[in-house]
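Everything on this sheet refers to the single structure shown next.
Number of protein chains: 2
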Amino acid sequence: MAVNTRERVRQAAVKLFATKGFHGTGIRDLAQEAELSSASLYHYMGTKEDLLVAIMNESLRRLLDAAEQATAGLTDPVSRLGSLVALHVLAHAIQPDDTRVVDNEVHALTAGARAGVVELRDAYERLWADAIEDGVTAGVFHTGQPSVTRLALVEMCSGVARWYSPSGPLTLDQLASHYAELALRALACERPLDVAALQNCREVVSGVWRVPV
Amino acid sequence: MAVNTRERVRQAAVKLFATKGFHGTGIRDLAQEAELSSASLYHYMGTKEDLLVAIMNESLRRLLDAAEQATAGLTDPVSRLGSLVALHVLAHAIQPDDTRVVDNEVHALTAGARAGVVELRDAYERLWADAIEDGVTAGVFHTGQPSVTRLALVEMCSGVARWYSPSGPLTLDQLASHYAELALRALACERPLDVAALQNCREVVSGVWRVPV
DNA sequence: TCGACCCTATCGATCGATCGATCGGTCGTC
DNA sequence: GACGACCGATCGATCGATCGATAGGGTCGA
Numbered sequence: 338m339a340v341n342t343r344e345r346v347r348q349a350a351v352k353l354f355a356t357k358g359f360h361g362t363g364i365r366d367l368a369q370e371a372e373l374s375s376a377s378l379y380h381y382m383g384t385k386e387d388l389l390v391a392i393m394n395e396s397l398r399r400l401l402d403a404a405e406q407a408t409a410g411l412t413d414p415v416s417r418l419g420s421l422v423a424l425h426v427l428a429h430a431i432q433p434d435d436t437r438v439v440d441n442e443v444h445a446l447t448a449g450a451r452a453g454v455v456e457l458r459d460a461y462e463r464l465w466a467d468a469i470e471d472g473v474t475a476g477v478f479h480t481g482q483p484s485v486t487r488l489a490l491v492e493m494c495s496g497v498a499r500w501y502s503p504s505g506p507l508t509l510d511q512l513a514s515h516y517a518e519l520a521l522r523a524l525a526c527e528r529p530l531d532v533a534a535l536q537n538c539r540e541v542v543s544g545v546w547r548v549p550v
Numbered sequence: 338m339a340v341n342t343r344e345r346v347r348q349a350a351v352k353l354f355a356t357k358g359f360h361g362t363g364i365r366d367l368a369q370e371a372e373l374s375s376a377s378l379y380h381y382m383g384t385k386e387d388l389l390v391a392i393m394n395e396s397l398r399r400l401l402d403a404a405e406q407a408t409a410g411l412t413d414p415v416s417r418l419g420s421l422v423a424l425h426v427l428a429h430a431i432q433p434d435d436t437r438v439v440d441n442e443v444h445a446l447t448a449g450a451r452a453g454v455v456e457l458r459d460a461y462e463r464l465w466a467d468a469i470e471d472g473v474t475a476g477v478f479h480t481g482q483p484s485v486t487r488l489a490l491v492e493m494c495s496g497v498a499r500w501y502s503p504s505g506p507l508t509l510d511q512l513a514s515h516y517a518e519l520a521l522r523a524l525a526c527e528r529p530l531d532v533a534a535l536q537n538c539r540e541v542v543s544g545v546w547r548v549p550v
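Residue numbers (our numbering), protein chains in the order written: chain A, 338 to 550; chain B, 338 to 550.
Written out as structure tokens, the structure is:
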């Protein structure tokens, strides 16, 4: 029960932080969503900010782990970048609330906590930067501004969390391969998608987030 | 004087709403930034939300006007999309605070005000949708999911507001043409950038936002 | 020229409401 | 009878907003 309630509080917080923002969400909103009194809330969490920090760190950690797992052993930059894009898009489509909190509420963190979050984020973006730089070196990607292109692609993929609906016309599979296609094209890559890598992503995703893909 | 002070309040609000969020910004923060007492603030504005609504509507209206102006008379879809991308990127690079408020604080609006903002936003995205659909029909763009591609591209360009610095290595010109290049590539367009259209964008931008480009 | 009158700009003080958080308790259950 | 789960009541602080007051400058008729 206790573990379950703790998870319910977390999910209530993710939902409300994502839709109303951290500062726009009151302790009483949180309590109502989690079906608890505001006093009981504090049996399962520290301060409101502790809750935000935990959500951000866990979400980012999961994403980073998944990305490392999905690209482990892949030496081909095309496969690596395709995997990173697919994974990022799937994560944002499956967990839109979590990812929107991570992407939009960094400004609500106090300095100490922000440092940890930024560190995780940097490690994650490093994976993208390496894949792109390796591809440029290998001559399969072409871009005059690798860093700018990386920022552009990551942002493009993150946008999925703002609009994707599983009841819409696109399956997760179609979504992921469409974005992977867009990314490879933007990098002027002439090689086709690595379909096996995408399949591998699907398995990593269903393992890490425990959902069928 | 009065007009000047009113503008100072507006700029203080844009800065704080962009960095700390609408709900994260207090009336007293606003007053301090604008160098007024919190009481005097109300001589120049209605409620705090009125201020947010005004900022959003003005910013969006300016962007929409600029986009219509930049694409007016252009029949070629490649030129139109190139212009839209360049304009969007320039606006986000020049006015990062304004655009971040528009992009990230919609959730803070109450239903009535939100409707107006969404309407403006829809009209703006319609320009993008038309350019892309026309290009697909004309056979110069290739994408199986025009709507998804549009969302991806807009989001990609909006990200500029999160990181661009005028003191960085890229000029506004380089930034705009790099993004236009990325967009055309993502649409599998084989035609080159319309450099004249980009030049036109520069002029529209310096007119609408009154800055040298 | 002079006061009477007003209007704009400004602020200290303060309003009721709500904020995040804590207290002292009451329940079952083991 | 000890403990985990839970809550009504309430804390001090802060929220957005308003109050009455003051100072200064322009516009009058006398």
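No residue lacks a Cβ here, since even glycine has one placed at the ideal position from N, Cα and C.
Minimum C-alpha distance to GLY383/B - residue among LEU397/B, ALA407/B and VAL346/B:
Indexing the second sequence from 1 puts residue 383/B at position 46. Comparing Cα positions, the closest option is VAL346/B.
Quick one: is ALA525/B buried, meaning 16 or more other Cβ sit within 10 Å of its Cβ, or exposed?
The residue you call residue 525/B lines up with position 188 of the second sequence. Burial call: exposed.
Start and end residues, alpha helix (DSSP H) containing LEU427/A:
Translated into positions along the first sequence, residue 427/A becomes position 90. Taken as a continuous stretch (DSSP letters only), the alpha helix (DSSP H) holding LEU427/A covers 414-431.
Can you tell me whether THR474/B is buried or exposed, with buried defined as 16 or more other CB within 10 angstroms of its CB?
Here the question's residue 474/B lines up with position 137 in the second sequence. Flag for THR474/B reads exposed.
Could you tell me whether the region 507-526 of chain B touches the region 379-399 of chain B, where touching means 3 or more Cβ pairs closer than 8 Å?
no
Contact check, ASP531/B vs GLY419/B under 8 Å by CB: the rounded distance?
The count along the second sequence starts at 1 and reaches residue 531/B at position 194. The count along the second sequence starts at 1 and reaches residue 419/B at position 82. About 5 Å; that satisfies the 8 Å criterion.
THR604/A: contacting residues in chain B (beta-carbon distance under 8 Å):
Lying outside 338 to 550, the shown extent of chain A, residue 604/A is not represented and no answer is given.
Compute the minimum distance between the beta carbon of VAL390/A and the heavy atoms of the ligand ZN, and state whether it is under 7 Å.
With respect to the ligand ZN, the structure shown offers nothing to examine, as it has no ligands at all.
Please report whether the beta-carbon of TYR461/B lies at a distance below 8 Å from any beta-carbon of chain A.
Within the second sequence, numbered from 1, the residue matching residue 461/B stands at position 124. So, not an interface residue.
Residues of its chain near ALA355/A, where Cβ-Cβ distance is below 6 Å and the 5 sequence neighbours each way are ignored
As a position in the first sequence, residue 355/A is number 18, starting the count at 1. The residues are ASP434, ARG437 and VAL438.
DSSP three-state label for ASP531/A, please.
Residue 531/A sits at position 194 when you count from the first residue of the first sequence. Reduced to three states, the DSSP call for ASP531/A is coil.
Rounding to the nearest angstrom, what Cα-Cα distance links MET338/A and THR412/A in this structure?
Residue 338/A sits at position 1 when you count from the first residue of the first sequence. Residue 412/A sits at position 75 when you count from the first residue of the first sequence. Residue placement at MET338/A is flagged as unreliable, the pLDDT there being 47, under the threshold of 50; the coordinate-derived value follows with that caveat. When rounded, the distance between both Cα atoms is 45 Å.
Using a threshold of 8 Å, state whether the C-beta atoms of VAL497/A and VAL426/A are closer than that.
Walking along the first sequence from the start, residue 497/A turns up at place 160. Walking along the first sequence from the start, residue 426/A turns up at place 89. A contact, by the Cβ cut-off of 8 Å.
Between the region 463-483 of chain A and the region 480-487 of chain B, can you find at least three pairs of beta-carbon atoms closer than 8 Å?
no
Determine the contact status of LEU519/A and ALA489/B, defining contact as a CB-CB distance below 8 Å.
Position 182 of the first sequence, counted from the first residue, corresponds to residue 519/A. Position 152 of the second sequence, counted from the first residue, corresponds to residue 489/B. Yes, Cβ-Cβ distance for LEU519/A and ALA489/B is below 8 Å.
What in chain A is Cβ-close to LEU353/B, meaning under 8 Å?
The count along the second sequence starts at 1 and reaches residue 353/B at position 16. Those within 8 Å of LEU353/B in chain A number zero; the least Cβ separation is about 11 Å.
Counting only C-beta atoms, is LEU446/B closer than 8 Å to chain A at any point?
The residue you call residue 446/B lines up with position 109 of the second sequence. So no, LEU446/B is outside the interface.
Name, going along the chain, the residues of the region 515-542 of chain A whose beta-carbon falls closer than 9 Å to a beta-carbon of chain B.
HIS515, TYR516, GLU518, LEU519, ALA520, ARG522, ALA523, LEU524 and ALA525
Reference ASP402/B, options MET493/B, ALA460/B and GLU492/B, closest by Cα:
Looking up residue 402/B in the second sequence gives position 65. It is ALA460/B.
Please tell me whether VAL443/A has its Cβ less than 8 Å away from any Cβ of chain B.
Numbered from its first residue, the first sequence carries residue 443/A at position 106. Not closer than 8 Å to any Cβ of chain B, the Cβ of VAL443/A fails to qualify, so no.
Ignore the nearest five residues each way along the sequence and tell me which others in THR362/A's own chain have a CB closer than 7 Å to its CB.
Residue 362/A sits at position 25 when you count from the first residue of the first sequence. Within the same chain, THR362/A has close Cβ partners LEU353 and PHE354.
Beta-carbon of ASP366/A versus every beta-carbon of chain B: anything under 8 Å?
In the first sequence, the residue the question calls residue 366/A occupies position 29. Not closer than 8 Å to any Cβ of chain B, the Cβ of ASP366/A fails to qualify, so no.
Supposed close pair VAL477/B, PRO414/B - CB separation, criterion 8 Å:
Stepping through the second sequence from its first residue, residue 477/B is reached at position 140. Stepping through the second sequence from its first residue, residue 414/B is reached at position 77. Indeed they touch by this definition, with Cβ atoms about 6 Å apart.
Under a CB-based cut-off of 8 Å, is LEU507/A close to chain B?
Counted from its first residue, the first sequence places residue 507/A at position 170. So, interface residue.
Residues of chain A with a CB under 8 Å from the CB of LEU424/B: which are they?
Your numbering for residue 424/B matches position 87 in the second sequence. Neighbours of LEU424/B on chain A: none; closest Cβ ~16 Å, over 8 Å.
Measuring alpha carbon to alpha carbon, tell me which residue in GLN348/B, ARG451/B, VAL422/B and LEU400/B is nearest GLY544/B.
Along the second sequence, one-based indexing puts residue 544/B at 207. That would be LEU400/B, whose Cα lies nearest to the Cα of GLY544/B.
Short Cβ contact (8 Å threshold) for LEU367/B with VAL541/B:
Residue numbering aside, residue 367/B sits at position 30 when the second sequence is read from its first letter. Residue numbering aside, residue 541/B sits at position 204 when the second sequence is read from its first letter. Not in contact: LEU367/B and VAL541/B (Cβ atoms no closer than 8 Å).
If we define contact as Cβ-Cβ less than 8 Å, is VAL465/A a contact residue for chain B?
As a position in the first sequence, residue 465/A is number 128, starting the count at 1. Before going on, a small fix: residue 465/A reads as Trp here, not Val. No, its Cβ sits nowhere closer than 8 Å to a Cβ of chain B.
Using a Cβ-Cβ distance under 8 Å, would VAL346/A count as near chain B?
Here residue 346/A refers to the residue found at position 9 when the first sequence is read from its first residue. No, VAL346/A lies away from the interface with chain B (no Cβ there is under 8 Å from its Cβ).
Specify, as a first and last residue, the run of the alpha helix (DSSP H) that CYS526/B falls within.
The sequence position of residue 526/B within the second sequence is 189, counting from 1. Neither: CYS526/B is in no alpha helix (DSSP H) and is coded neither H nor E.
If you scan the region 342-417 of chain B from start to end, which runs of the alpha helix (DSSP H) of 4 or more residues do you find wholly inside it?
364-371, 375-381 and 385-408
Go ahead and pull the three-state DSSP assignment for ARG501/A.
For the purposes of this step, residue 501/A is taken as the residue at position 164 of the first sequence. A quick correction: the sequence has Tyr, not Arg, at residue 501/A. Looking at TYR501/A - three-state DSSP - the assignment turns out to be coil, as it is neither helix nor strand.
If we cut at 8 Å on Cβ distances, does HIS429/A have a partner in chain B?
Along the first sequence, one-based indexing puts residue 429/A at 92. So no, HIS429/A is outside the interface.
In chain B, what lies closer than 9 Å to THR486/A by C-beta?
Here residue 486/A is taken as the residue at index 149 of the first sequence, counted from 1. Simply HIS515 and LEU519.
Interface residues of chain A facing ALA489/B [CB-CB closer than 9 Å]:
Residue numbering aside, residue 489/B sits at position 152 when the second sequence is read from its first letter. Within 9 Å Cβ-Cβ: MET493, CYS494, GLY496, VAL497, HIS515, TYR516 and LEU519.
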